[in-house]
Amino acid sequence: MPHTSRKKKNLHSKRREIVDHDGWTRVTSSSSTPLRIGLNQTANESEQAPNGLTGSATLVERLPSLPLPMPAAKGLTLETMRAQFAGIQARWLETDLCRKLEQMLTDKVLTSGCSISNCAVFGTGSFCGDAVHWVDRHESAYFQLAAFRTVVQTIERVQGHVVRAYAQEPYYNELDTLFLASIDVAKIDHPRGFELLDRNSFVYSPAAEQEVESQIIARAPWMWLHRSFDHSLQGGRDSDASSEAKTQFKKSHEHAVLPELDLKNFPFHGSVIWWRRTDDMDERVQVS
Ligand SMILES: C[S@@+](CC[C@H](N)C(=O)[O-])C[C@H]1O[C@@H](n2cnc3c(N)ncnc32)[C@H](O)[C@@H]1O
Numbered sequence: 001m002p003h004t005s006r007k008k009k010n011l012h013s014k015r016r017e018i019v020d021h022d023g024w025t026r027v028t029s030s031s032s033t034p035l036r037i038g039l040n041q042t043a044n045e046s047e048q049a050p051n052g053l054t055g056s057a058t059l060v061e062r063l064p065s066l067p068l069p070m071p072a073a074k075g076l077t078l079e080t081m082r083a084q085f086a087g088i089q090a091r092w093l094e095t096d097l098c099r100k101l102e103q104m105l106t107d108k109v110l111t112s113g114c115s116i117s118n119c120a121v122f123g124t125g126s127f128c129g130d131a132v133h134w135v136d137r138h139e140s141a142y143f144q145l146a147a148f149r150t151v152v153q154t155i156e157r158v159q160g161h162v163v164r165a166y167a168q169e170p171y172y173n174e175l176d177t178l179f180l181a182s183i184d185v186a187k188i189d190h191p192r193g194f195e196l197l198d199r200n201s202f203v204y205s206p207a208a209e210q211e212v213e214s215q216i217i218a219r220a221p222w223m224w225l226h227r228s229f230d231h232s233l234q235g236g237r238d239s240d241a242s243s244e245a246k247t248q249f250k251k252s253h254e255h256a257v258l259p260e261l262d263l264k265n266f267p268f269h270g271s272v273i274w275w276r277r278t279d280d281m282d283e284r285v286q287v288s
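Numbering (the UniProt record's numbering), first residue to last: 1 to 288.
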């Protein structure tokens, strides 16, 4: 394509190039455009995972690149975010889905004397709007966060003490982090969120990528709320190891399909909750 040399110069001065871990060079002309970057630095950090989880190596292999933080919509402040969340949370609390979820947790899921150690939500998307996709799903992010809080608060009520809650999402920017902190949810960076999971965790991963789900399943959390395997986002074929982990997970956990909720962009479409079977807990007690 013909270009004048002057135009070219201007363009070049604005362009930034980023080389992915896989050798692709990405070019952008905007300093605010989120780019995908290699994870080499994170990979090295993850090798020093304190709990010795072998999954950190898998993370590098299977989650090769992550988006950079989402630019916040113009004029957005912590106060306006809190106000929007308060409105959405109030709407969520009025839904049948919220009532049924709470009821199921108190009457069925949390009755077996489990002791949830921490709670994590993965991949809500940014709460600050969406400058990169066709559909702005930040309202869905607020709804999903409201549902996460309902589960955390129910766990706290049943267990009689506060549990740590954290959120991992590469799109979170500084405003997202401040907003989350203001409601006692700690923002955590990939891959630390996966490393903190254990068999006593509660995890919520609304519409997560297959690779994210594999990392969660590998930690076999006590309770997991997600979009059902039938509605999974296809990211390719499961490796033998993750397909085996999924089979094991299904054997060791019971599940229930949650009712649909008719909301814009369907933030809870196909939701399923899994919790560890009592006989699996008994087995563990005998073994240890
Ligand atoms: C399909 S989108 C779903 C977003 C939102 N939950 C919804 O329902 O619209 C998957 C989300 O997972 C996030 N994600 C990707 N890798 C992740 C990781 N390693 N940890 C946490 N979130 C991740 C993506 O940035 C994206 O926001």
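Cβ coordinates follow ideal geometry from the N, Cα and C atoms, glycine included.
- Checking the 7 Å criterion, the Cβ of H190 is within range of a heavy atom belonging to ligand 1.
- For F202, the shortest separation between its Cβ and any heavy atom of ligand 1 does not lie below 7 Å.
- A straight-line Cα-Cα distance of about 10 Å links E209 and Q215.
- By the criterion of at least three beta-carbon pairs nearer than 8 Å, the segment 199-208 is in contact with the segment 117-137.
- Secondary structure remark: continuous beta strand (DSSP E) runs of at least 3 residues inside the UniProt domain "SRR1-like" (110-247), in chain order: 118-122, 164-168, 186-188, 201-205, 223-227.
- Among the bridge pairs identified by DSSP, I273 is matched with L225, A256.
- Judged by DSSP secondary structure, L66 falls within the beta strand (DSSP E) whose first and last residues are 65-67.
- For the 8 Å CB-CB criterion, W92 and A147 form a contact.
- Rounded to the nearest whole angstrom, the CA to CA distance from G160 to W134 is 43 Å.
- By the CB criterion at 8 Å, I116 and W222 fall inside the cutoff.
- Taken through DSSP and simplified to helix, strand or coil, M104 comes out as helix.
- A residue is called buried once 16 or more other Cβ atoms fall within 10 Å of its Cβ, and T111, having fewer, is exposed.
- Restricting attention to C98, K74, Q84, the CA atom closest to the CA of S271 is found in C98.
- Judged by DSSP secondary structure, E79 falls within the alpha helix (DSSP H) whose first and last residues are 78-93.
- Secondary structure of L261 (DSSP, three-state): coil.
- Distances from the CA of T154 to each of L180, Q103, D189 were compared; the closest alpha carbon is that of Q103.
- Under the criterion of beta carbons closer than 8 Å, A220 and R199 qualify as touching, at roughly 5 Å.
- P259 sits away from P170, with the two beta carbons spaced by 8 Å or more.
- In its chain, beyond the 5 residues on either side, F143 have a beta carbon closer than 7 Å to the beta carbon of L263.
- In the three-state scheme derived from DSSP, where H, G and I count as helix and E and B as strand, K74 is classed as coil.
- Counting the other CB atoms within 10 Å of its CB gives A207 a total of 16 or more, which places it among the buried residues.
- Distances taken from the Cβ of S228 to the heavy atoms of ligand 1 include none shorter than 7 Å.
- Straight-line measurement puts the Cα of C128 at about 30 Å from the Cα of V257.
- Only residues of its own chain outside the window of five on either side were considered, and among them N200, W222, M223, W275, R276, M281 have a CB closer than 8 Å to the CB of C114, listed in chain order.
- Taking C-beta separations shorter than 6 Å and ignoring five residues to either side along the sequence, the partners of A245 in its chain run I217, A218, following chain order.
- Here the alpha carbons of P267 and S232 stand approximately 14 Å from one another.
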